[in-house]
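130 is the number of the first residue of the sequence shown in the numbering used here; add one for each residue after it.
What follows is a single structure, written as structure tokens, with notes after it.
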Amino acid sequence: MAAGLLQAQSSLLGESTNETNPEQYLALPLARNAGEESRGKVLDRYGVPFREEILPLTTGGSAQVEVGAPAKRIFLLGMTDTDKLPSLAQFRNPSSLSSLIRPATPCRGWADPRDTSVRIFVGDHLGQIRLNYADGSSQVFPLILGEGVWWGRAFYDYQEPFPTDARLRRALASALRLYPPAPVPDGNYVAVIVPKAAPIRNITFENSSEKQGTLLIAGITVETAQTNGMAGAIALTPGALPPAFETFVRTKALRPQGEDESQTERRLNNLRLALYTSDADFKGRVAKSVPPGYSGPDVSFQGSIFAEILANVFRC
């Protein structure tokens, strides 16, 4: 009888131990058949370890990363948009990728204004992430500029009016599901996905077919208690997660498609209004202005307030 009780207790303890297996952090290989030379060093971002490696994506294309196990959380490093994927050497020297618009993208100010493929604005869909589960189901996470994607190093190099505009800082913090909601020196942000409690076959990253450029993913780390089936994954040692980052992970994971749509659009619209100039910003009239010494024709235009602005510009 005593032996039976001991055996039962041992069995129960064994089950309890299995249920409380410690979570491990594993870096997923981003390129198939990639050798060690194509992978970089281990990076720590707010306590989450990443193995730096560039996911091979092209304009309008897609890339797939194998998983092979359930996951508690999936952490993504990068989450920016670029015209051309950098090499690891360029990735480590992000200042060489800076431009006025986005990393590695020439200024498109004189391009055809009707060609929206070369311009990106808050609210534009730049692609999506698809989790494909072993049971045949899938989850899609939209990648929208201002929510799941943001400007990278360019936002650090050209920060105004962010440092002096409290309204813009609040709007960005509310809309952005990346960490941190602020300029970062290397231009790389962290995103987190909370998947369903089911084995994940793979993750597919898909660029929008309507935009030039590509999503930049520079590392994927999976937090899981089950490592069987994760071929090529490398175990990494995590650090301590700062309280602010823990709050972000708990409250600002990437949003599955179809969830919180109306609130998302409201937040994005608030970010647009804080970042861009709209007709509502021009009120009243613009006084006629003539520079000293001007001897040209007296020009005027009929129409809205923009006509008055144009007349002053003409005389400059």
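Every residue gets a Cβ at the ideal spot worked out from N, C-alpha and C, and that includes glycine.
Values in this document were obtained by computation on a predicted structure and should not be read as measured data.
Residue state for residue 177 is assigned as strand, using DSSP reduced to three classes. Excluding the 5 residues flanking it on each side, residue 193 has same chain C-beta neighbours closer than 6 Å at 331, 333, in chain order. Here the stretch 305-320 does not lie against the stretch 409-428, with fewer than 3 beta-carbon pairs under 8 Å apart. According to DSSP, residue pairing for residue 318 in a beta bridge involves 207.
Between residue 434 and residue 209, the alpha-carbon positions lie close to 37 Å from each other. If only uninterrupted beta strand (DSSP E) runs of at least 3 residues are considered, those enclosed by the stretch 345-383 are 363-365. Pairing residue 212 with residue 189, the inter-Cα distance amounts to about 11 Å. Per the coordinates, the alpha-carbon of residue 320 lies some 15 Å from the alpha-carbon of residue 260. Counting along the chain, the unbroken alpha helix (DSSP H) around residue 436 starts and ends at 434-443. Taken in chain order, the unbroken stretches of alpha helix (DSSP H) that lie wholly in the stretch 228-307 and span 4 residues or more are 282-286, 295-304.
Counting along the chain, residue 392 sits inside the alpha helix (DSSP H) bounded by residues 390-404.
For residue 192, the three-state secondary structure derived from DSSP is strand. Using a Cβ distance threshold of 9 Å, residue 301 and residue 160 do not count as a contacting pair. By the neighbour-count definition (other C-beta atoms within 10 Å, threshold 16), residue 405 is an exposed residue.
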